[in-house]
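Down below is the structure, laid out as structure tokens.
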Ligand SMILES: [Ca+2]
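Numbering (the numbering used here), first residue to last: 216 to 542.
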């Protein structure tokens with residue numbers, strides 16, 4: 216084995232099934248060092264997502280990773296939850312016992328700022344839910360744009376259908392104002408958006424579940440326990456017993472940026488209007504804007520992922536979760 220350069224990350228999560236599947240990968244990936252987990256509302260209330268995150272750490276025997284509780288509603292309020300997608304407990308009705316570990320002191324937004332100040336330029340923020348905690352941190356410490364090493368976000372969609380509305384993705388829809396604040400910030404590296412364009416057809420299949428269920432690791436046992444409910448939700452949507460690997464793919468891209476095979480560099484904004492487009496991520500892809508021949512929009516560009524090496528990702532993800540050597 217060759218030594219791997221590790222990247223420090225904070226994973227901000229609204230734990231949920233796919234989020235949990237992403238977090239456990241983050242904990243095991245040799246390229247990543249998880250300095251903290253921060254929780255946010257989204258799939259479920261922050262009480263539930265925090266409990267699920269703490270319980271996850273116990274299940275996979277990583278109880279020393281600090282978990283900081285974060286925002287329980289968007290900047291403009293009105294939280295809504297998705298128990299029909301993730302189960303009444305948010306983790307596939309897996310019936311876990313309550314966790315015995317407590318959240319760490321301090322709000323998620325403060326934890327993000329403190330970690331970035333402690334390791335300037337070294338920490339990547341990996342967002343798996345609404346961007347509320349990062350937006351609050353940015354408002355409290357505008358220098359965060361330079362202190363963080365990068366931002367990778369599972370959310371939004373460029374040119375494929377939405378999920379919680381015709382053109383909107385759940386994490387963007389949960390807090391459009393926060394996403395807009397984060398998009399318009401001048402990050403030291405362009406924000407990497409891992410949206411439905413690439414996550415919707417990256418599937419965890421029945422065969423994958425079978426392999427994970429047969430593997431003898433705590434993480435594999437945990438994933439095999441939470442995934443079935445989510446797979447049943449997705450079954451009529453994708454035409455097979457399988458689920459989208461939203462958060463696992465984003466977490467893996469934070470670890471292995473070379474998994475990205477195509478992306479769009481564009482100025483991005485979020486629709487804040489009431490109605491069917493609220494939360495829509497809008498990228499300026501007009502002719503000339505990409506080449507610089509015309510500057511239709513000004514401001515920081517994001518890098519929206521539109522292609523990934525899906526086979527490589529799946530292989531790495533499953534090997535990691537199952538405790539196998541990477542093939
Ligand atoms: Ca999420």
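Note that beta-carbon positions come from the ideal geometry of N, C-alpha and C, so glycine has one too.
Going straight from the alpha carbon of residue i to that of residue j, what length do you get?
i           : j           : result
residue 404 : residue 365 : 6 Å
residue 267 : residue 486 : 31 Å
residue 391 : residue 288 : 12 Å
residue 518 : residue 424 : 31 Å
residue 265 : residue 504 : 41 Å
residue 408 : residue 367 : 6 Å
residue 227 : residue 490 : 27 Å
residue 476 : residue 447 : 30 Å
residue 313 : residue 538 : 26 Å
residue 449 : residue 455 : 8 Å
residue 498 : residue 482 : 6 Å
residue 236 : residue 419 : 10 Å
residue 442 : residue 319 : 27 Å
residue 480 : residue 315 : 44 Å
residue 416 : residue 262 : 30 Å
residue 492 : residue 370 : 15 Å
residue 278 : residue 245 : 18 Å
residue 529 : residue 386 : 23 Å
residue 444 : residue 298 : 11 Å
residue 221 : residue 422 : 31 Å
residue 398 : residue 431 : 41 Å
residue 360 : residue 452 : 38 Å
residue 513 : residue 309 : 47 Å
Identify the residues that DSSP records as bridge partners of residue i: which are they?
i           : result
residue 342 : 227 and 368
residue 485 : 496
residue 248 : 223
residue 254 : 228
residue 516 : 482
residue 475 : 523
residue 419 : 458
residue 446 : None, per the DSSP bridge assignment.
residue 353 : Paired residues: none, contrary to the question.
residue 283 : 253
residue 409 : 369
residue 363 : 338
Apart from the five residues just before and just after residue i, which ones in its own chain have a Cβ nearer than 6 Å to its Cβ?
i           : result
residue 501 : 511
residue 286 : 255, 347 and 348
residue 216 : Caution is warranted here: a pLDDT of 48 is assigned to residue 216, below 50, making its placement in the model unreliable, and the coordinate value is therefore given only provisionally. For residue 216, where only same-chain residues beyond five positions count, there are no Cβ hits under 6 Å.
residue 515 : 401
residue 233 : 461 and 462
residue 377 : 383 and 384
residue 257 : 229, 344, 345 and 389
residue 294 : 256 and 288
residue 540 : none
residue 495 : 382, 383 and 486
residue 336 : 364
residue 300 : 448
residue 406 : 366 and 517
Grab me the residues of residue i's own chain with a C-beta within less than 8 Å of its C-beta, minus the 5 sequence neighbours each way, in chain order.
i           : result
residue 433 : 274, 275 and 276
residue 330 : 223, 225, 250, 251 and 338
residue 280 : 242, 249, 251, 252 and 272
residue 427 : 435, 438, 439, 442, 533, 536 and 537
residue 317 : 269
Compute the distance between the beta-carbons of residue i and residue j, then report whether it is under 7 Å.
i           : j           : result
residue 379 : residue 388 : yes
residue 375 : residue 412 : yes
residue 400 : residue 474 : no
residue 521 : residue 484 : no
residue 410 : residue 372 : yes
residue 270 : residue 311 : yes
residue 394 : residue 351 : no
residue 307 : residue 283 : no
residue 247 : residue 470 : yes
residue 305 : residue 259 : yes
residue 414 : residue 459 : yes
Taking 7 Å as the limit between beta carbons, can you name the residues of its chain near residue i, skipping five residues before and five after?
i           : result
residue 240 : 463, 466, 467, 532, 535 and 536
residue 527 : 474
residue 327 : 225, 253, 340, 348, 349 and 352
residue 332 : 362
residue 356 : 328
residue 291 : 392
residue 524 : 474 and 476
residue 334 : 223
Between residue i and ligand 3, is the CB less than 6 Å from at least one heavy atom?
i           : result
residue 516 : Annotation note on ligand 3: not contained in the displayed structure, which lists ligand 1 as its ligands.
*Lining residues of ligand 1 - beta-carbon closer than 6 Å to any non-hydrogen atom, in sequence order*: 229, 231, 234, 257, 258, 343, 344, 386 and 462
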